[in-house]
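This note's numbering applies: residue 198 is where the sequence shown begins, and numbers increase by one.
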Amino acid sequence: IPGWDGDTDHIVKWLLKVDDFADLSERMRLQLGKWVPKRFTEAADSWYYSLPREIRSRAEADWDSLRDLITQFWMNRKWWERQKKRARNSAYRENGHRAETPSQYFIRKLDLLNIAFELDNLEIISEIMNGVPDSWETILNTEMYEDPYELQSSIRYHEETLL
């Protein structure tokens, strides 16, 4: 079971990993309610054990109950607004990502878009390309791609040229 420290920048990926465990069986889904809190550290651990025992007991009934409690607290409206802003404003090699490759940018931007919005394939392609240097447009003809994974493959193919 993956641990989590309360860092909301990584909460979605962490939830997806635990969801994968829960999907293994109904028994696993039930047991995760009890075991996941044992994997909390730092802020997540402090928050969880600050809750009254009654609330913790209800949450520990199964993974779905615990997941609901976690998302209600950590993924509030302010968090969603922040995710949307991050997704819209993220750009290739922005601060904190100065050494990223074009493929790393694609994955980072796609993750942010998938968290914050429900977009169709062409909207995803457009949003990804909104954060890249103009020079990419001469190499990547976005009208050729029907889904983001075709764009991802093309970015990977042209990686050295796009750097």
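Heads up, the beta-carbon is just placed ideally off N, CA and C, and yes, glycines get one too.
- In the DSSP assignment, Trp201 forms a beta bridge with Phe237.
- Nearest to Ser287 by alpha-carbon distance, out of Arg274, Lys275, Phe303 and Met272, is Phe303.
- A straight line joining the alpha-carbon of Asp220 with that of Ser332 spans about 43 Å.
- Per the coordinates, the alpha-carbon of Glu357 lies some 26 Å from the alpha-carbon of Asn311.
- For Lys306, the number of other beta carbons within 10 angstroms of its own is at least 16, and it is reported as buried.
- Within its own chain, no residue has a Cβ closer than 8 Å to the Cβ of Ser222 once the five positions on either side in sequence are excluded.
- Taking a C-beta distance under 8 Å as the contact criterion, Ile198 and Trp232 qualify as a contact pair.
- The three-state secondary structure of Gly328, taken from DSSP, is coil.
- Distances from the CA of Phe314 to each of Met326, Ala284, Lys235 and Gln301 were compared; the closest alpha carbon is that of Ala284.
- If you look at Met225, you'll find it in the alpha helix (DSSP H) that goes Glu223 to Trp232.
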